[in-house]
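K.L.:
Respectively, the protein sequence lines represent chains D, B and Y. Be aware that the first sequence starts at 1, since it is given in my numbering, and climbs by one per residue. Be aware that the second sequence starts at 1001, since it is given in my numbering, and climbs by one per residue. Be aware that the third sequence starts at 2001, since it is given in my numbering, and climbs by one per residue. My questions all concern the structure below.
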Amino acid sequence: MMKLIINSSSMIPIYEQIMEQIKTMIINGELKENDVLPSVRSLSKELKISALTVKKAYDNLEQEGFTATIHGKGTYVTATNKELMIEEQRKEIEADLEMAIQKGRRYGLNDQELKDLFTIILEG
Amino acid sequence: MLEIKDLQKNYNAFRLHCSMHIRPGYVTGLIGQNGAGKSTTFKSILGLISLDGGNIKIFGKDIKDIDEDDKQKIGVVLSDSGFSGYLTIKDIMPILKNIYEAFDQDYFLNQCQNFGLPLNKKIKDFSTGMKAKLKVITAISHQAKLLILDEPTAGLDVIARDEVLDLLRDFMAENEQRAILISSHISSDLESLCDDLYMIHDGGIIMHEETDVLLSDYAILKVNPKQYEKLDRQYILKVKEAFYGYCCLTNQKQFYLDNYPDIAIENSKIDDVILMMIRGA
Amino acid sequence: MKGLLIKDYKLMRSQNRFFIVVILVGIAMTLIGYDYTFITSYLSFVCSMFVLSTISYDEFDNGYAFLFTLPFKRNTYVKEKYVFGLITSGLAWLFGVVITTAFQLITHTPDFSMIDWLIAELMLMPALWVVLAVMIPCQLKFGGEKSRIAIFGAVGAAVVIGIVIVRICDFLQIDLAAVLNALPSMGIGTITVLLILIALIVLLISEKISEKIMAAKEF
């Protein structure tokens, strides 16, 4: 069974958490091309969430091209351009960093203070 | 699969008026306080009481036209009623076999044994948990298409509830066209099982939302009076006064996350939503 | 209906201690007195009461609610009660007849006319059926406690009506005894058949009434 972890206190919607973790598993090879994902019902049972939430995640993954569904056979991982996915994840990190920097500037930190903060956290 | 339109039932001090739609493949929850109208709704669906208005259709047929063949495909758990307490599990097996054509005796027996239910003890001597488990096992052992469950986990401890919910999940997994209507006032159960929820209060439906949306888009904002003044309130559904200022319910969590990064925003659990819907303004 | 019959049978069986006491008392009473129709009427009457107790078991602890979500019509439920009543009292009657016959063969009491006795036994059945026909709808409509009162009331009323008829006959100077004595000329066999038919009709009417009662009930 897929080892997905759902954080219910996170601000990120559950279906997004599922999507992110599956994408990561595809990128680092845990899920290979043509691997079949667990059925919507069995995953919802394991995670103890509504089946619709899982379905939302699966539908979105399919829309974004990571998976494909054959009626009757299940949902399987499609061949994907790893670089493209990594690029996408990079962009997300960039956006988050951008937000943190903006916030820092709003609070009056200058660029040097921001860099120091970043280094401290990186090393901590 | 089950359509309730403008169901009305009047008792002395209480009036029920609601509409619901349960679709195949969905687990739909009905949550509300005691006395809000859950049991009355269920009894109306099952033909145990008459309607004062509106109509109910099961499998596309009006409930007046429901015959025994239709009832074969319905599994029922009632919180305050079951087989006669003077019977044992061994007694009820042949009864079920002769009442339900699709009764799966092996499955039934297996599940009873899995849950450690004594076969030769009178049901009236069972513990609350055992009685509840027996009711659920009975309802899922005859290939029903629709389950109507009124508080199936009431009186069960956490572990027993988990086991019963798992039984229901397996039930849904076996056939994509099945549906469940389940009522409870234990919202954590409903959160982890249901696909959509109806909230009932004082005889009326106060909210109907997909569980997914409730958990991801609904949030509780906790603001002090100053923040409240500056708040864009177009997505605030309910407000309640609190000692720190105001407690607000919204169904657009992302909007407030994006525009008000400084205020306290919490994911709302179903209980929070209910409290706010009932007590808030 | 089979499932319902099984249920009522199982409910009855859980009362098996009661059964044994009943049978023993019956046998004891037969040994003491020489009334040969006693044990049969006693046993059949007691067994027909089992129907009433299954109704009260069904009702107990709000059991009706769940029962009527099961796949059978309310009419089937009603019919099954009558069938069950007829079967149990019928079997009890048979049992009583067999025991009394055995007893008679063993003890060879004088003054015993086989035919008279058999006819008396046969007359029991319609009487029983009428009792069932009255008690079942009472139990269904009023539940345990109240129906007992209703039954006493009905029996009392029947007694009063009987007394009134006798008084009227006295008043009109009709010799009731002569009328009754004339009846045998119709042939006791015919009378028995007539009584059975009347009882059956009463049963059917009662069954329809019971169906109406159950159809209107809400749980």
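Where is the CB? At the ideal position from N, CA and C, for every residue including glycine.
Relative to the alpha-carbon of Ile2006 of chain Y, which residue among B:Leu1007, B:Asp1217 and B:Lys1097 has its alpha-carbon at the smallest distance?
P.N.:
The candidate whose alpha carbon is nearest that of Ile2006 of chain Y is B:Lys1097.
K.L.:
Any contact of the region 1143 to 1153 of chain B with the region 1070 to 1083 of chain B, i.e. 3+ C-beta pairs under 8 Å?
P.N.:
Yes: at least three Cβ pairs fall under 8 Å.
K.L.:
Mind listing the chain Y neighbours of Asp1062 of chain B? Cutoff is C-beta to C-beta under 7 Å, in chain order.
P.N.:
In chain order: nothing, as chain Y lies at least about 16 Å away.
K.L.:
Name, please, each residue of chain D whose Cβ falls closer than 8 Å to the Cβ of Met1172 of chain B.
P.N.:
Under the 8 Å cutoff, chain D gives Arg41 and Ala51.
K.L.:
With DSSP as the reference, label Gly1029 of chain B as helix, strand or coil.
P.N.:
If DSSP states are grouped into helix, strand and coil, Gly1029 of chain B belongs with the strands.
K.L.:
Excluding the 5 residues flanking Asp1052 of chain B on each side, which residues of the same chain have their C-beta closer than 7 Å to its C-beta?
P.N.:
Counting only Cβ-Cβ distances below 7 Å, and skipping sequence neighbours, we find Gln1008, Lys1009 and Asn1010.
K.L.:
Spatial neighbours of Met19 of chain D within its chain, please: CB distance less than 7 Å, with the 5 preceding and 5 following residues excluded, ordered by chain position.
P.N.:
Correct list, in chain order: Ala57, Asn60 and Leu61.
K.L.:
Identify the contact partners of Pro13 of chain D in chain B, using a Cβ-Cβ distance below 7 Å as the criterion.
P.N.:
Going along chain B in sequence order, the residues near Pro13 of chain D (Cβ under 7 Å) are Ser1216.
K.L.:
So with Cβ pairs under 9 Å, would you call Tyr1086 of chain B a contact of chain Y?
P.N.:
Yes, Tyr1086 of chain B lies at the interface with chain Y (some Cβ there is under 9 Å from its Cβ).
K.L.:
Can you tell which of B:Ile1089, B:Lys1124, B:Ile1066 and B:Ala1036 has the C-alpha that lies nearest to the C-alpha of Gly1002 of chain B?
P.N.:
Per the sequence shown, the amino acid found at residue 1002 of chain B is Leu instead of Gly. Taking only the C-alpha atoms, the option nearest Leu1002 of chain B is B:Ile1066.
K.L.:
Pull up the CB-CB distance for Leu1165 of chain B and Leu1193 of chain B, whole angstroms please, since I reckon it's below 8 Å.
P.N.:
About 5 Å; that satisfies the 8 Å criterion.
K.L.:
Given a cut-off of 9 Å, decide if Thr1211 of chain B and Leu47 of chain D are closer than it, judged by their beta-carbon atoms.
P.N.:
Taking 9 Å as the Cβ cut-off, Leu47 of chain D and Thr1211 of chain B do not qualify as a contacting pair.
K.L.:
Under the rule that 16 or more other beta-carbon atoms within 10 Å means buried, what is Ser1044 of chain B, buried or exposed?
P.N.:
It counts as buried.
K.L.:
Just checking my contact of Leu2043 of chain Y with Phe2095 of chain Y at CB under 8 Å: how many whole Å lie between their CB atoms?
P.N.:
That belief holds up - the Cβ atoms of Leu2043 of chain Y and Phe2095 of chain Y are roughly 6 Å apart, short of 8 Å.
K.L.:
If the cut-off is 7 Å on Cβ atoms, which residues from the region 2046 to 2067 of chain Y count as contacting chain B, listed in chain order?
P.N.:
Taking 7 Å as the Cβ-Cβ cut-off against chain B, the residues of the region 2046 to 2067 of chain Y that qualify are Tyr2057, Asp2058, Phe2060, Asp2061, Asn2062, Gly2063, Ala2065 and Phe2066.
K.L.:
Can you check which of these residues, B:Val1239, B:Met1172, B:Pro1261 and B:Arg1161, is closest to Asn1251 of chain B by C-alpha distance?
P.N.:
When each option's Cα is compared against that of Asn1251 of chain B, the closest is B:Val1239.
K.L.:
Applying the 10 Å Cβ sphere with the 16-neighbour rule, what's the burial state of His71 of chain D?
P.N.:
Burial call: exposed.
K.L.:
Smallest Cα separation from Val2051 of chain Y: which of Y:Leu2140, Y:Met2214 and Y:Ile2191?
P.N.:
The candidate whose alpha carbon is nearest that of Val2051 of chain Y is Y:Leu2140.
K.L.:
What residue range does the beta strand (DSSP E) around Asn1267 of chain B cover?
P.N.:
Taken as a continuous stretch (DSSP letters only), the beta strand (DSSP E) holding Asn1267 of chain B covers Ala1264 to Asn1267.
K.L.:
Report back the beta-carbon spacing between Gln1227 of chain B and Ile1263 of chain B to the nearest angstrom; my notes put them in contact at under 8 Å.
P.N.:
Rounded, the Cβ-Cβ distance is 6 Å, consistent with contact.
K.L.:
I think Leu1048 of chain B touches Phe2219 of chain Y, with their Cβ atoms under 8 Å apart; what is that distance to the nearest whole Å?
P.N.:
Contact flag correct, Cβ pair sits at about 4 Å.
K.L.:
Could you tell me whether the Cβ of Phe2072 of chain Y comes closer than 9 Å to any Cβ of chain B?
P.N.:
It does; some Cβ of chain B falls within 9 Å.
K.L.:
Along the region 2001 to 2012 of chain Y, where does the CB come closer than 7 Å to a CB of chain B? Name the residues.
P.N.:
Within the region 2001 to 2012 of chain Y, the residues whose Cβ lies closer than 7 Å to some Cβ of chain B are Lys2002, Gly2003, Ile2006, Lys2007, Lys2010 and Leu2011, listed in chain order.
K.L.:
How many Å lie between Gln63 of chain D and Tyr1086 of chain B at the Cα?
P.N.:
Their Cα atoms are separated by approximately 57 Å.
K.L.:
On the three-state DSSP scale, how would you describe Gly2085 of chain Y?
P.N.:
Note: Gly2085 of chain Y maps to helix in three-state DSSP.
K.L.:
Assuming Met1207 of chain B is part of the beta strand (DSSP E), what are its boundary residues?
P.N.:
Counting along the chain, the beta strand (DSSP E) containing Met1207 of chain B begins and ends at Gly1204 to Glu1210.
K.L.:
My output table needs one value for Thr2076 of chain Y: the three-state DSSP class, helix, strand or coil.
P.N.:
Thr2076 of chain Y falls in the helix class under three-state DSSP.
K.L.:
On the DSSP bridge list, what partners appear for Gln1008 of chain B?
P.N.:
BP columns for Gln1008 of chain B point to B:His1017 and B:Gly1053.
K.L.:
Any beta carbon from chain B within less than 9 Å of Glu2207 of chain Y's own beta carbon?
P.N.:
Glu2207 of chain Y does not count as touching chain B.
K.L.:
Check the Cβ of Glu1163 of chain B against every Cβ in chain A and list those closer than 9 Å, keeping chain order.
P.N.:
Given the protein chain composition of this structure (D, B and Y), no chain A is represented.
K.L.:
Closer than 7 Å between beta carbons: that is the criterion. Which residues of the region 1198 to 1215 of chain B meet it against chain D?
P.N.:
Under the 7 Å Cβ criterion, the region 1198 to 1215 of chain B contributes Glu1210, Thr1211, Asp1212 and Leu1215.
K.L.:
According to DSSP, is Ser1187 of chain B helix, strand or coil?
P.N.:
Three-state DSSP puts Ser1187 of chain B in a helix.
K.L.:
To the nearest angstrom, how far is it from the Cα of Leu2197 of chain Y to the Cα of Gly2090 of chain Y?
P.N.:
Going by the C-alpha atoms only, they are around 16 Å apart.
K.L.:
Compare the Cα-Cα distances from Pro1152 of chain B to each of B:Tyr1026, B:Arg1015 and B:Lys1135 and report the closest residue.
P.N.:
Per the Cα distances, B:Lys1135.
K.L.:
Would Glu1176 of chain B and Ala1219 of chain B be called neighbours here (beta carbons separated by less than 9 Å)?
P.N.:
In this structure, Ala1219 of chain B does not lie closer than 9 Å to Glu1176 of chain B by Cβ.
K.L.:
Which two residues bound the contiguous alpha helix (DSSP H) that contains Asp1157 of chain B?
P.N.:
Counting along the chain, Asp1157 of chain B falls outside any alpha helix (DSSP H), and DSSP gives it neither H nor E.
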